[in-house]
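Enquirer: This structure is in structure tokens; I'll ask about it shortly.
Next comes the structure, spelled out in structure tokens:
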């Protein structure tokens, strides 16, 4: 139903916040990057990638639940994979920023075991580079007084997510009723435009559910729709190949940037 990233400087109390919210609602799933063990000889970047992949796998296995993803996430780019995932899966997205002073965070860090400490210098450096969320809804946690307010917000995300999932299910059923064989060309008649429009929507929806970038698909859909309005005629297979070509081209351009 929803993906919520829980972020803040090391020692801010993110894990504690997740545990408290989990106690308030046992249906919540929590994924912490800190739980991913370090493999000997493995760099931090690879460990984080494994932690991210594990979190994403858990989300895909339990899409009808709320997922709290706990990590420092001090740059927006670190949170972006989960924001994109929420769009591609049709889930709600939000963030909880756990606010804490450097002094308090350093004190908490000192209470950790030696191998789990990050150090004062690292905490200060991350605090200086911290980027707040600009995508989706964000809540700020400062003390236990905020827990009830945040829990109510999570309940609202669950409600919105449930409605979105129901709507997606209805759209899937409607698509099944309107499905035409991929092998048959779209018949040339006064209904050509409607047939191509339905085929385009159906293919885009299938690719979105398959994990394709929803925002990029939307742009590709708009471009192909404009071509159809200008008189371009395509059968369903041709529409699918056209979408795949545009997605590949845009992704290559995006990677170059």
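Residue numbers (the numbering used here): 461 to 717. Even glycine gets a Cβ: it sits at the ideal position worked out from N, Cα and C.
#1: Between which residues of its own chain and residue 557 is the CB-CB distance below 8 Å, once the five residues before and five after are set aside?
#2: In whole angstroms, what is the alpha-carbon distance linking residue 550 and residue 628?
#3: Helix, strand or coil: which one does DSSP assign to residue 532?
#4: Consult DSSP for residue 492 and reduce its assignment to one of helix, strand or coil.
#5: Please state whether the Cβ-Cβ distance between residue 583 and residue 569 is less than 8 Å.
#6: Between the region 559-566 and the region 509-518, do three or more beta carbon pairs fall short of 8 Å?
#7: Could you have a look at residue 449 and say whether DSSP puts it in helix, strand or coil?
#8: Take the Cβ of residue 581 as the centre, count every other Cβ of all protein chains shown within 10 Å, and call the residue buried at 16 or more, exposed below.
#9: Sorted by chain position, which residues of the same chain lie with C-beta nearer than 7 Å to residue 621's C-beta, five sequence neighbours on each side aside?
#10: Check whether the region 657-667 and the region 693-708 are in contact - that is, three or more C-beta pairs closer than 8 Å.
#11: Quick check: what's the CA-CA separation for residue 531 versus residue 493?
#12: Please return the same chain residues whose Cβ sits closer than 8 Å to the Cβ of residue 535, not counting the five positions on each side in sequence.
#13: Report the residue from 514, 619, 656 whose alpha carbon sits nearest the alpha carbon of residue 690.
#14: Using DSSP with H/G/I as helix, E/B as strand and the rest coil, what is residue 555?
#15: In chain order, what residues of the same chain have a beta carbon less than 8 Å from the beta carbon of residue 646, not counting five sequence neighbours either side?
#16: Quick check: the Cα distance between residue 707 and residue 616, rounded to an integer number of angstroms?
#17: Do residue 573 and residue 529 have their beta-carbon atoms positioned less than 8 Å apart in this structure?
#18: Cβ atoms of residue 555 and residue 472: under 8 Å apart, would you say?
#19: Have a look at residue 785 and residue 675 and give me their C-alpha separation to the nearest angstrom.
#20: Return the first residue and the last residue of the beta strand (DSSP E) that residue 599 is part of.
Expert: In brief:
#1: 467, 468, 592, 593, 598, 599, 600, 601
#2: 8 Å
#3: coil
#4: strand
#5: yes
#6: no
#7: Residue 449 is absent from the structure shown; the chain starts at 461 and stops at 717.
#8: exposed
#9: 461, 462, 551, 552
#10: yes
#11: 6 Å
#12: 589, 591
#13: 656
#14: strand
#15: Bear in mind that a pLDDT of 46 at residue 646, under 50, signals an unreliable position, so the number given afterwards is only what the model happens to contain. Closer than 8 Å at Cβ, skipping near neighbours: 640, 652, 655, 656, 659, 693, 694, 695, 696.
#16: 34 Å
#17: no
#18: no
#19: The structure shown does not extend to residue 785, since the chain is modelled only from 461 to 717, so the question has no answer here.
#20: 597-601
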